[in-house]
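Taking it in order: structure first as structure tokens, then the write-up.
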Amino acid sequence: MLTGFYTMMVRIRKVEENLMEVFSRGEIPGFLHVSIGQEAAPAAVCAHLNANDCISTTHRGHGWAVAKGIEIRRAMAELFGKREGFCLGRSGSMHLADAGIGIMGANGIVGGGIPIAAGAAFAAQYKKTDHVAVATFGEGATGEGAFHEAMNFAAIRRLPMVFVCENNGWAEFSPKSVHMPVESVTSRALAYDIPAVSVSNKVVEIYEAAGEAVRRARKGKGPSLLEIRCDRWYGHYVGDAQKYRGKEKVEEAMAKDCIADFEAELIKGKVLRRKDLDRIRAEVSAEVEDAVNFARQCTYPDVSEMLEGLYV
Amino acid sequence: MLTGFYTMMVRIRKVEENLMEVFSRGEIPGFLHVSIGQEAAPAAVCAHLNANDCISTTHRGHGWAVAKGIEIRRAMAELFGKREGFCLGRSGSMHLADAGIGIMGANGIVGGGIPIAAGAAFAAQYKKTDHVAVATFGEGATGEGAFHEAMNFAAIRRLPMVFVCENNGWAEFSPKSVHMPVESVTSRALAYDIPAVSVSNKVVEIYEAAGEAVRRARKGKGPSLLEIRCDRWYGHYVGDAQKYRGKEKVEEAMAKDCIADFEAELIKGKVLRRKDLDRIRAEVSAEVEDAVNFARQCTYPDVSEMLEGLYV
Amino acid sequence: MKETRYIFAIKEAMEEEMDRDENVFLIGEDVGLAGGSFGASKGLYEKFGPERVVDTPISELGFTSLAAGAASCGLRPIVEIMFMDFVTCAMDSIVNQIAKMRYMFGNQYTVPVVVRMPEGGGLNAGPQHSQCLEAWFAHVPGLKVVMAATPHDVKGLLKASIRDDNPVIFIENKTLHAMKGMAAEADEDVVLPLGKADVKLQGSDVTIVTASRMVHESLKAARILEQEGISAEVVDLMTIQPWDRKTVFDSVAKTHRLVVAHEAVKQFGFGAEIAAAAAEEILDELDAPVMRVGAPFAPASYSLEKYYVPSADDVVSAVKSTLERTL
Amino acid sequence: MKETRYIFAIKEAMEEEMDRDENVFLIGEDVGLAGGSFGASKGLYEKFGPERVVDTPISELGFTSLAAGAASCGLRPIVEIMFMDFVTCAMDSIVNQIAKMRYMFGNQYTVPVVVRMPEGGGLNAGPQHSQCLEAWFAHVPGLKVVMAATPHDVKGLLKASIRDDNPVIFIENKTLHAMKGMAAEADEDVVLPLGKADVKLQGSDVTIVTASRMVHESLKAARILEQEGISAEVVDLMTIQPWDRKTVFDSVAKTHRLVVAHEAVKQFGFGAEIAAAAAEEILDELDAPVMRVGAPFAPASYSLEKYYVPSADDVVSAVKSTLERTL
Ligand SMILES: Cc1ncc(C[n+]2csc(CCOP(=O)(O)OP(=O)(O)O)c2C)c(N)n1
Ligand SMILES: Cc1ncc(C[n+]2csc(CCOP(=O)(O)OP(=O)(O)O)c2C)c(N)n1
Ligand SMILES: [Mg+2]
Ligand SMILES: [Mg+2]
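Chains as they are written, first to last, in this note's numbering: chain A, 1 to 312; chain B, 1001 to 1312; chain C, 2001 to 2327; chain D, 3001 to 3327.
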């Protein structure tokens, strides 16, 4: 399991490092929001989920899609705007989705995906399955009415879901203090009597807290909120120089690395050796580079496909 | 002051009893939502406010407009749809407003007035006055995103305002349990670290709690939330037979009367004698009947006035 | 067929579809225990229970997006927005989520949500409770927009909308709720096609294109005009998006005159699109200016409502004006 | 006059008005410390402080309604909605509150709110970040709707909008932000009238009515058409609501042919209203079908964006088609 966590975190990191590179080279257009530094949460939470469980994600959602098991080749193709992509190249980074394994889609509207995940949880409850839904979002999103309305409804109907907030301290170019009058998003949950815990950016800690929340949801005991205190290494989007943040703060954030910390633990705990780590990283690199090459070779959609499937 | 409370509560009651009567006779059209049984809150809270302080109210807002000092004749004219009304007869019961004394308007959109009051508080802060703003709303309104977004902003900017929730246990035709996963609206305030108290429907108790909150706002110490636990005697609107609620529950609610209770206290405390109460009630009745007659004699707007003033 | 009322026909449509398909459910404010603010779901809670007739907190955005999520997981939600005016709170859900989920995610999802809402005046409910906003939704790719004028139509169109795999904005009219008329029985299972207009009255001098309550005002106008020897054809669009160009253009090819009548504010209403399409595609058929009937450019008025909402008289004037101005 | 960029001209307009009137303030997401997502308020926070350049939590509905309340207490808010797509979250505030507060409360209030937002494609930002929704607002009585095409215009129109006592929806265009051009200096204090169109190019064969980015595509089209001996007049509406009927109709009375071009989805866009008004009021002047140019009926596409957004070529085709189809 620990090896699985590590592999997944590295996979997410590699995907985004590659994305940054191809984006900087102008190979992919639009906006690119990477989650480097935040790999632990998706790796840990998704380890509790299966293909029937749904997640809704955000503009910063690559990590979640990867952890939920998206096929990296076709995800990459989508980011390249190619027709082989999951969204036929129509939507790119901000809308990665794979209906087949419950990735309900990244959302370009802050907070937009939260009540949608509640809808998936509602459907699970309606159909009397034991599926659960996970809404992922940032602390900035908790300012939106959509967050409030979804939390309220989920609590009242005891929906089988988990609200997962990655509190990275920034929403675009402004710090948490602009967005929240409370320190922790767990305070928000008090308004709905939803159990909430806040954990650090350690994958095992997150895994345990998420397990508790997912089990609770699966057993029909209702929703929980999980806050992960993490750091956003890079700017809001790739290309954002973070002048508003100050070099020191950025360096401070980058000094905290959930992957490096975990590596150290794995070695200390004799779970993996240095060369095991190297092998995993090499394998993942190859996998991701293969995906990038695949995406490069895919084809752009044709203008004649513009209206295809708009209506059933 | 106690006499003032009593007079105001009776005035609100009389206004609405008269409205129910003329409405039932078909003299006024549209929807009519009365607040009979809930007179204590506006009488108590508005006693702390002056003409520079703003309030935003709801579909069930007659009591607040009266307590804030609206001229009853012209308020009545508005409800009759006459051009002498505060809104030129355009808007009726759901939109009573008097800009001159800070009645920013009743709102037909549940939750709609809450961020508007925050705007008044923002203006007071901006202009460095000691004015305060009060948003009034029902417990049902706390389900709307507008409530959440206003609370969040008010807390962050320490706006000089008071959120006043009349928790009457019902939102239209459904009980509180459909709308809230928590017992008291004060729990909602925890999400914003806004101080909150819940009081019963006793005018003096409300007055004291409101005083605390208003003083806090005036001193620049930020917003508070005040919940008043009260009962809605009649249906959601006049004509609603309350079948969903059950006769017993209705009778139970009607057995609790903030005015009758206060009368008993006034007499017991020897503040007023039975005949003082009678005199006050008679005076107020005359005042309200005069207003009704005034409204009857006013004129309907002419169709030629339809577009008047839409743009400045 | 049997006589019923528009509001009962809505209930019957929902009930029959809920009987037919267990994935259909209803969600909204007071739709459950209370049977709906206008009574559209009376009895459904008792019959189907709180799982399928879902009372919500007051949170239009939240429960509409919730329906979107449920729909993409295989359910078929009917969302009730109590007054069309309140849909302003759910625009993000409808426009950025529901309308786009299928297309934006590369056709991976079908999102069969029906969002029902009553529009219009008639209750003296004032500026925030009387609006007609269908033109907004017709401008949004991914949505269908349906408006029903009679008990028969509302039943057949609502059943069609519930069965349609696309999101449908289903617009009722408050003044029509009490309207009596014939509608199909459950076993007849009448499902009207979306996107198909209905010629409610044949005529030869002018085509009146309309929908919802204004169908009745237009028919009334046609009767008045008949007295004066003017023969009007009344085309009920029934679906505003996509609208039935063929029926409209065929009618104009016959009458050579076009009036469009709706209750919404005239400017930038759906009449603009119909008139513009005529000026673009069948200008040569037009013998006279295209007149539009709609509410004046002001919020709905409480006490002047009867002058505010367009009536048969306005349709009569528009028809006369187009006839007088024949080129 | 001096050379500047569209985005700087926006900043200058706000800065000059904030200098002139201490009741003017700016509110929105990241408008303060960060200087705005597109940089429109760069430097204003440093100059005017956090009281007048107000960073908000992500809560479009909340801060737009807050602006409404502040405006009715005498302030003059400029609200920035980061992308026009996000205005879907604030529709209740704009439509049920801001647009109606004055009228609904019997003209007791003036509500001088300017809601700025950039629309359109150009950044490959996909379906939820590229919409053009001006037609919605033009359908709402109580609002004015302004669209600016050049640095000069955006400055003069924004200053006018801030000074206007009515609520104004002020629509920028993302592709224009970087555009260079001349604009007035602070001491010239150029304030352009709202409701007045600008003939950007004189011509005699066809009138192209347009706004915002499509003004430039239309001018480009006119240059192409000129090569073929076709003389196009380009009318920049600048204000969509109320729009300048006189300038448009005068132009059509001269050219007898009308094309309307906008970036929004063609169906039910503002072109429909212009075309319909022509069919209603000046049909006799029209020698040919009125053609409209707009985006196809689909959400904006990430990788097909350049085919999705209408271009000069589309305007050229529309003009040729109206000329070919002269009656
Ligand atoms: C409704 C809406 N408003 C604003 C934006 C612009 N926006 C995109 S991301 C973002 C900040 C989100 O912050 P947070 O939720 O903390 O997520 P993070 O970026 O930190 O992962 C904003 C304001 C948007 N996309 N949607
Ligand atoms: C946005 C919106 N949604 C729904 C309604 C319909 N509605 C009017 S009053 C009401 C219930 C309000 O309950 P509460 O806030 O508790 O106030 P009360 O009526 O008890 O005073 C509802 C749902 C509305 N007017 N606006
Ligand atoms: Mg964040
Ligand atoms: Mg209540």
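Glycine included, each C-beta is placed from N, C-alpha and C at the ideal position.
- From the listed residues C:Y2103, C:V2215, C:G2271 and C:E2280, the smallest Cα separation to M2179 of chain C is found for C:V2215.
- With a cutoff of 8 Å on beta-carbon distance, V66 of chain A and V164 of chain A are scored as not near each other.
- Taking A123 of chain A as reference, the option from C:R2076, C:G2032, C:K2220 and C:K2266 with the minimal CA-CA separation is C:R2076.
- For the C-beta of I1055 of chain B, not a single chain D residue is nearer than 9 Å; the gap to the nearest is close to 11 Å.
- When Cβ pairs closer than 8 Å are counted between the two stretches, the segment 1098 to 1106 of chain B is seen to touch the segment 1068 to 1086 of chain B, the count reaching three or more.
- Ordered along the chain, residues surrounding ligand 4 are B:G1138, B:E1139, B:G1140, B:E1166, B:N1167, B:N1168, B:G1169, B:W1170, B:A1171 and B:R1232 [Cβ under 7 Å from any heavy atom].
- Less than 8 Å separates the beta-carbon of N1152 of chain B from that of P181 of chain A.
- Between the beta-carbon of P2112 of chain C and that of N2166 of chain C there is about 7 Å, and that keeps the pair under the 8 Å contact cut.
- Restricting attention to alpha helix (DSSP H) runs no shorter than 4 residues, the segment 1179 to 1237 of chain B encloses them at 1186 to 1189 and 1203 to 1218, ordered along the chain.
- Contiguous beta strand (DSSP E) elements confined to the segment 3071 to 3135 of chain D occur at 3076 to 3080 and 3114 to 3119, taking only those with 3 or more residues.
- Using a Cβ-Cβ cut-off of 8 Å, H2129 of chain C is close to F1031, M1094 and G1108 of chain B, given in chain order.
- The segment 2051 to 2069 of chain C and the segment 2178 to 2197 of chain C do not touch, with fewer than three beta-carbon pairs separated by less than 8 Å.
- Considering only beta carbons, the part of the segment 1143 to 1164 of chain B lying closer than 8 Å to chain A consists of G1143, E1144, G1145, A1146, F1147, H1148, E1149, N1152, A1155 and I1156, in chain order.
- In the three-state reduction of the DSSP assignment, C1298 of chain B falls in the coil class.
- The C-beta distance from L1019 of chain B to V1034 of chain B rounds to 7 Å, short enough to meet the 8 Å contact threshold.
- Following the DSSP letters along the chain, one finds I2240 of chain C inside the beta strand (DSSP E) bounded by residues T2239 to Q2241.
- Excluding five sequence positions before and after I3169 of chain D, the CB atoms of its chain that fall closer than 6 Å to its own CB belong to V3115, F3137, L3143 and V3145, given in chain order.
- E172 of chain A and G2122 of chain C have their C-alpha atoms some 47 Å from each other.
- Residues of chain A whose Cβ lies closer than 8 Å to the Cβ of S1184 of chain B do not exist; the shortest such Cβ separation is about 11 Å.
- When C-alpha distances from F3025 of chain D are compared across D:A3071, D:E3188 and D:I3282, the shortest belongs to D:A3071.
- Contact residues of the segment 2043 to 2074 of chain C toward chain A are E2051, T2056, P2057, S2059, L2061, G2062, F2063, S2065, L2066, A2067, A2068, G2069, A2070, S2072, C2073 and G2074 (C-beta to C-beta distance below 7 Å).
- Around the beta-carbon of M3014 of chain D, 16 or more other beta-carbon atoms lie within 10 Å, marking it buried.
- Interface with chain A (8 Å Cβ-Cβ cutoff): Y1244 of chain B is excluded.
- A contact between stretches requires three or more CB pairs, one per stretch, nearer than 8 Å, and the segment 3254 to 3267 of chain D fails this requirement with the segment 3074 to 3088 of chain D.
- In this structure, C:D2205 is the residue among C:F2105, C:D2205, C:V2095 and C:A2099 with its C-alpha nearest to the C-alpha of V2259 of chain C.
- Here D3236 of chain D is bridged, per DSSP, to D:D3198 and D:T3210.
- Within chain D, the residues placing a beta-carbon under 8 Å from that of A1117 of chain B are G3069, ordered along the chain.
- DSSP places D1290 of chain B within a helical segment (H, G or I) once states are collapsed to three.
- DSSP, read as helix, strand or coil, puts C87 of chain A in coil.
- Residue state for H3262 of chain D is assigned as strand, using DSSP reduced to three classes.
- A Cβ-Cβ contact shorter than 8 Å links L3066 of chain D with A1118 of chain B.
- Per the C-alpha coordinates, the member of C:H2139, C:E2119 and C:V2140 positioned closest to S2130 of chain C is C:E2119.
- The nearest non-hydrogen atom of ligand 2 is less than 7 Å from the C-beta of H1033 of chain B.
- Taking 8 Å as the upper bound on Cβ-Cβ separation, chain B lies near residues L2123, N2124, A2125, G2126, P2127, Q2128 and H2129 of the segment 2106 to 2133 of chain C.
- From the beta-carbon of L190 of chain A, the residues of chain B found nearer than 7 Å are S1187, L1190 and A1191.
- For M3182 of chain D, same chain residues with a beta-carbon under 8 Å away, outside a window of 5 residues either side, are M3001, K3002, E3003, T3004, P3151 and H3152 in chain order.
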